[in-house]
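Shown next, in structure tokens, is the structure this report addresses.
Residue numbers (mature numbering (1 follows the signal peptide of the UniProt record, and there is no 0)): -20 to -1, 1 to 130.
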């Protein structure tokens, strides 16, 4: 009986270890998926692919810029009209934290953009929040924080 109980305990510990490793692998895969999605987003912004971005942005998404904050419809219209043209995001650093069905990505970037007809370059820490719904990631928030002295 003691041998069976001991064997059962080792079996349970092995299952727990395997599940923990599977969770780590799943989390790493999700992190890579979010990083790829963020890079695609920057490319779509540069290419002014407003319809593709509209599909990525959650209907309740919020966008925080140096000049104000607004929702999905206004952000898509600004990109479509060229009010802001995100020409190139030079990504220097990226990190992702996943909490349940929410992913928080931080990008340290230098952004080359055309705003109101003027070309500007600014260093930013950009926070992107993605939420998973029905197996798909949607951008729920995009916030730019200008870095001083960069």
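Built from N, CA and C at the ideal position, the CB exists for glycine as well.
Report buried or exposed for residue i, applying the criterion of at least 16 other Cβ atoms within 10 angstroms of its Cβ.
{"i": "residue 127", "result": "exposed"}
{"i": "residue 69", "result": "buried"}
{"i": "residue 79", "result": "exposed"}
{"i": "residue 142", "result": "Given that the chain is displayed from residue -20 to residue 130, the structure contains no residue 142 and the question cannot be resolved."}
{"i": "residue 46", "result": "exposed"}
{"i": "residue 61", "result": "exposed"}
{"i": "residue 49", "result": "exposed"}
{"i": "residue 100", "result": "exposed"}
Rank the options by C-alpha distance to the C-alpha of residue i and give the top, closest one.
{"i": "residue 84", "options": "49, 111, 97", "result": "111"}
Excluding the 5 residues flanking residue i on each side, which residues of the same chain have their C-beta closer than 8 Å to its C-beta?
{"i": "residue 34", "result": "52, 56"}
{"i": "residue 11", "result": "76, 78, 83"}
{"i": "residue 19", "result": "71"}
Please name the residue or residues paired with residue i in a DSSP beta bridge.
{"i": "residue 51", "result": "42"}
{"i": "residue 19", "result": "Paired residues: none, contrary to the question."}
Excluding sequence positions up to five away, which residues of its chain have a Cβ less than 7 Å from the Cβ of residue i?
{"i": "residue 14", "result": "76, 83, 85, 110, 117"}
{"i": "residue 2", "result": "Residue placement at residue 2 is flagged as unreliable, the pLDDT there being 45, under the threshold of 50; the coordinate-derived value follows with that caveat. Closer than 7 Å at Cβ, skipping near neighbours: no residue."}
Which residues in the same chain as residue i place their Cβ atom closer than 6 Å to its Cβ, once the five residues preceding and following it in sequence are excluded?
{"i": "residue 73", "result": "88"}
Between the stretch 28 to 40 and the stretch 115 to 127, can you find at least three pairs of beta-carbon atoms closer than 8 Å? yes
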